[in-house]
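Report on one structure; see the data block that follows.
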Amino acid sequence: MAMSKGFKVLEKSAPPNPYSIILQHRNKDTALLFESQAVVSLSSQETETLRKQYHKIADAYGCLGVLQLNSGESCMLYLVLVTGCCSVGKIADVEVFKITQTQFLPLFYQTQGEDKVSEVRKLINSGTFYFSWNSGKTTNLFDLTLCSQRKSKGASPDNRFFWNRTLFIHLIRYGIDCDEWLTRAICGSVEIRTIYVGHRQARAVLVSRLSCERAGTRFNVRGCNDDGNVANFVETEQAIYIDDSVASYVQTRGSVPLFWEQPGIQVGSHKVKMSRGYDASTSACDRHFSQLKRNYGSLIVVNLLGSSLIGGSEGEATLSNAFQKHLNDSAHCDVIQIIFDYHQEVRASSIESALSKFRKIIEKHYDEISIFSAKSSDIYNIQKGVIRTNCLDCLDRTNSIQTFIGLEMLAIQLMLLQCIDKKQNVTRFEEVFKQMWVNNGNEISKIYAGTGAIQGGSKLIDGARSAARTIQNNLLDNSKQEAIDILLLGSTLNSELADRSRILLPSNLLHTSTPVLREMCRRSNEFTQPTPIRITIGTYNVNGGKHFRSLAYKDVSLADWLLDSPNSSLVNTVNLKEHPSDIFAIGFEEIVDLNASNIMAASSDNAKAWSEELEKVLCRDAPYTLLSSHQLVGVCLFIFVRKDLIPHIRDVALDSVKTGLGGTTGNKGAVGIRMVLYGTSLCFVCAHFAAGQSQVTERNADYTEITRKIAFPMGRSLYSHDYVFWCGDFNYRVDLEKDEVRSLAAQNNISRILENDQLIKQKDLGLVFKNCFEGDITFPPTYKYDLFSDDYDTSEKCRAPAWTDRVLWRSRKHTIDPETTSDLAAGKLLHYGRAELKQSDHRPVIAILEIEVLQVSYTKCMEVFYEVVKDLGPPDASIIVQPYEEYASEESVIDDNVVAAVLQELSTIGEVTLVRFIDDNSLSITFREGQNALAAAQKGQISACSIPLHISLKTPNWIDIVRSEISLCSNNTVPLSGEAQPERPLRSAPPTPRRQQPSRPPAPSPTPLVPSRAPAISPARPPPPRPAPLPPDAGKAAGQPPIASPPVDSVPPPTCAPPPPPESSTPPPAGPPPPVPARQGAPPPLPARPRP
């Protein structure tokens, strides 16, 4: 049976009544009603009664779910329908389709955010999304998220490759069986070809599944994240199906699991930059390989990066060497590494010779990996590991090597399927799979780089694709990245609530409803513990050189500035030896000469030299490591942290803003580095403002431009952080004559000079550094000195002394709950001074602060979470109202007068947004908030028109539903091999060595198992017996089951991935909905009673 448009969408648009949509399917007796952000399952009788008020607006092949587009505190819902698709082939009764057209139907009157939705629509319509459809009578569905071996274990859909999983959440909350109504989609490539083997038909299948855990475009997403997920991670399965037999082989690709990036575009090459220090990448790299071992078993890493430290591949070689060193120094040193400089090997001979050399290296490892083969429910071979291949982009070179490995393993697959009796069969399969691998490489390249793969066959085509990639990066990648974020996250998470939630909560809780997130943030003090840390912030304008190498003052060291500065104070209250600083933020200005060549392309040699020297100096008293650094021409910022803090730091990001020549050059500007330490966000900014005695307005404009333009991923702005620290050469001068300043400085009359300090005056006017703190200045002006002298400027310009070099900071006030605000500790200044390093015309400045950061207990966090879920009630905020047994009869006792009386009575509890009949004697009533439903259920009964009516929650088990919702957003990957062996034992067939005839015919995968479905909530309930009156303290919800505390082992340590939900041996029930927002306009009309 061919697939047709089985879905039909009906619309009722009659303002001021709520916008309403009905979704029908021709093979289902029920329908779905979408109204007032609620979802209701309608019986066929109800649908017939209501449909007269609706008209058809769309037909569709399938439904992907409901996109929740969060914009600040509001949420807009879109029903996502598949309106165009094409078949890519069939496997048994299951047909796989490529999505070519979708329609996003707003479930509201207004259409704000349409531009963002159009980008998401363009993404899904790009031809890289696929779904499966069962055309047979069996209920087993071919799950594209699972490889054949995982299907044989009865695994549930793999959330790593389940791209529209967040679109299921809205329906889960309302108890809708998503398996009945929605379609799962993967992103990647699927190709199915039919090959005849004698009288039998074989299906050659190549499926590439792109992971959604770190998805994005090439220059926006590189390397790994703090959870160990890498960019462009793709699981590719090469399978052959004949009758009921299958032979399958899986391999993976993924970016180098370190923190690195390729900022900007350089002609001919893209410069690789390590965005974090060596030690700062260790934890993430370890997590990545731990996940790979758990998910796939044995590992073989094929590294195709360049190895030459000279020429264009220098960045690749640096990255490759760092990758090898991390792997060798880690607990995963047992992983087999194959280092193969693909470009060098091909240049030295030819592709054929290079691949022949590679075969000699890799073929001895084939038996360690093996392949999967089965016939019906009998499994003969299992794949015991995986080959992980990477180059820089994991595109062109990786395509070539994976194609070679796939064709090598093809021979084993054909032997196991007994298809090598004729040479023409082998040749036919090889030709087909060669072309399929080429197409597969093109599809993956289109997703990640925006163009097809560069194959090396045609210089003209390859050159055009390379140019297209440059245009793609410059013009299109950012909008595509935003669309990916919206599809996977529901938004760009750029509100204060979302940002605070992301810092405090595990990632699998971020998709819960807004009231839950707000309450968790409000109660954050119950699962966080303030912890003091020390931060040292320094700034030094080094006047263009590497002055630490100067021979003029051998007895002066950087340690005098960074470590021993408090010792020079009159009163030293800082004991840095007993309590060393936890973080050093060290900013430099004019780290290179500000000449034309450096402004256009600044060298990083000086920055590297300073970084090495700083690390030597800082490690005198305690072990420190470079977390990250960032350079903008002459402005450079280094962040060093104590090594024991590294596992607790995440979400490090960099940005820079040019302010020179109207924002076109980087001779003036700022760099920023942000991070999250435990549960507190920190941002450090090093800036160099406009120079000149009278250029106050320009300096103010520089500050405004930097604060406006500096931005970090996920919509984070500068002052969205808990703490912001400024340092730099701000160039604010003193409004006094130079001779007077010199005289006052000689008299140490600091206060008189400060009365005329430009920065203090502008700050008092609220023009710059609003709400920022600065320590009391008790040291002489830091600018301008003669080099290697204690004398202020004696040159012809003879500039007036001033405090151009400053350190300021600011703490954030949270306003998530409008009724309460919370202030973070503003920070305690321990020392603010300068050092007498004389190699520059500036003196370095240093500030030592003590602040409080919040350590999160994830065990307590989960306990509070389930308390919050319990207290807020079912998100569907719905109750059932029905008469007691003695009042129930064949004829309805609930007429329009009773309904009006019920609504009048319930309006004293909260706002009612939706009313509908379940049957003649039962009403379903939805409030605006779940707590209103709890209050009504606690009341237990009401009287309407002298008829006593019983009240119960429509979804008393909503906490279990929340657990199932969390499960959808958690890692649930079933290991390919190893600990989780198949429930059915392997058949006692001898192992099949490479290129030998199998002892018996093997066969394809057992019938895939369908995930358990949550039972739908029955709409009709028998009339309840009259209960005893509820005592006043009978609990918050009548009929609410006791809530067990979440198991401790479901909560990870703070530095690990978010906790999985508690597992249950029974399928989770249908889910509770979020609260329905307040109705704008008239109250809900009386519901239409279903008629026979």
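Start counting the sequence shown at 239; every next residue gets the next number (my numbering). Where a beta carbon is used, it is the ideal one built from N, C-alpha and C, also for glycine. Quick caveat: nothing in here was measured; it's all calculated off a predicted structure.
For residue i, three-class secondary structure by DSSP
| i | result |
| --- | --- |
| Cys-234 | The requested residue 234 is not part of the displayed model; the chain covers only 239 to 1330. |
| Ser-1116 | strand |
| Gly-776 | strand |
| Tyr-970 | coil |
| Thr-627 | strand |
| Pro-256 | coil |
| Thr-404 | helix |
| His-959 | coil |
| Leu-899 | coil |
| Trp-1047 | strand |
| Asp-995 | strand |
| Asp-1157 | strand |
| Ile-1132 | coil |
| Asn-619 | strand |
| Met-314 | strand |
| Val-355 | helix |
Beta-carbon proximity check, residue i vs residue j, cutoff 8 Å
| i | j | result |
| --- | --- | --- |
| Tyr-970 | Thr-1032 | no |
| Thr-1016 | Arg-1081 | no |
| Thr-1211 | Asn-463 | no |
| Lys-622 | Ile-607 | yes |
| Val-443 | Tyr-368 | no |
| Gln-341 | Asn-363 | no |
| Tyr-686 | Thr-455 | yes |
| Leu-409 | Trp-419 | yes |
| Asp-820 | Arg-760 | no |
| Leu-1141 | Val-1150 | yes |
| Glu-273 | Cys-385 | no |
| Leu-899 | Phe-878 | no |
Minimum C-alpha distance to residue i - residue among the options
| i | options | result |
| --- | --- | --- |
| Ser-568 | Thr-556, His-526, Glu-552, Ser-588 | His-526 |
| Ile-407 | Leu-305, Glu-681, Val-540 | Leu-305 |
| Gly-1065 | Lys-509, Val-962, Val-1102, Asp-973 | Val-962 |
| Thr-627 | Val-540, Leu-655, Arg-666, Leu-547 | Val-540 |
| Phe-457 | Gly-466, Gln-476, Lys-509 | Lys-509 |
| Met-1100 | Gly-1013, Arg-1201, Ala-1175, His-926 | Arg-1201 |
| Asp-843 | Glu-429, Gly-872, Thr-863, Arg-946 | Gly-872 |
| Met-653 | Arg-666, Ala-485, Ser-545 | Ala-485 |
| Ala-518 | Arg-438, Pro-1194, Val-890 | Val-890 |
| Ile-1132 | Glu-1124, Leu-1141, Gln-1120, Glu-1143 | Gln-1120 |
| Ser-528 | Phe-399, Gln-500, Pro-495, Gln-275 | Pro-495 |
| Asp-1114 | Phe-822, Pro-254, Ser-279, Glu-757 | Ser-279 |
| Ser-312 | Phe-346, Leu-1172, Lys-328, Leu-1214 | Phe-346 |
| Leu-655 | Ser-989, Tyr-479, Arg-1048, Gln-1077 | Tyr-479 |
Residues near residue i in its chain [Cβ-Cβ closer than 8 Å; skip 5 each side]
| i | result |
| --- | --- |
| Gly-917 | Ile-741, Leu-742, Ser-762, Thr-766, Val-1091, Leu-1092, Gln-1093, Val-1094 |
| Ala-1218 | For Ala-1218, the predicted model reports a pLDDT of 42, less than 50, meaning its position is unreliable; a value from the coordinates is still stated below. So the qualifying residues of the chain are Lys-391, Val-1212. |
| Lys-1008 | Lys-1001 |
| Gln-719 | Gly-454, Thr-455, Asn-458, Val-459 |
Own chain partners of residue i with C-beta closer than 6 Å, once the 5 adjacent residues on each side are dropped
| i | result |
| --- | --- |
| Met-241 | Trp-371 |
| Arg-772 | Ser-819, Asp-820, Glu-1088 |
| Asp-1158 | Ser-1130 |
Residues near residue i by beta carbon distance below 7 Å, same chain, minus five either side
| i | result |
| --- | --- |
| Lys-246 | Gln-262, Lys-294, Asp-297 |
| Asn-994 | Val-972, Asp-973, Leu-974 |
Near the ligand ADP: residue i beta-carbon under 7 Å from a heavy atom
| i | result |
| --- | --- |
| Ile-643 | Absence of the ligand ADP from the depicted structure is noted, as is the absence of any ligand whatsoever, leaving it without description. |
Three or more C-beta pairs below 8 Å linking the stretch 604-619 and the stretch 515-528 = no
message = Count Cβ pairs between the stretch 377-397 and the stretch 1169-1183 that sit closer than 8 Å; are there 3 or more?
response = no
request  = Decide if the stretch 445-456 is in contact with the stretch 423-432; the criterion is three or more beta carbon pairs, one per stretch, under 8 Å apart.
outcome  = yes
inquiry  = Can you confirm whether the stretch 861-872 touches the stretch 896-910 when touching is taken to mean that 3 or more C-beta pairs between the two stretches lie within less than 8 Å?
reply    = yes
query = Do the stretch 475-490 and the stretch 850-863 touch if we need at least three Cβ pairs shorter than 8 Å?
reply = no
inquiry  = Assess contact between the stretch 589-600 and the stretch 668-686, defined as three or more Cβ pairs (one per stretch) separated by less than 8 Å. Is contact present?
reply    = no
task = Evaluate contact between the stretch 316-330 and the stretch 284-301, counting only Cβ atoms and requiring at least three cross-stretch pairs below 8 Å.
result = yes
key: Sufficient close CB pairs (3 or more, under 8 Å) joining the stretch 1067-1084 to the stretch 795-804   = yes
task = Tell me, please, whether the stretch 628-646 touches the stretch 543-558 by the rule of three or more beta-carbon pairs shorter than 8 Å.
result = yes
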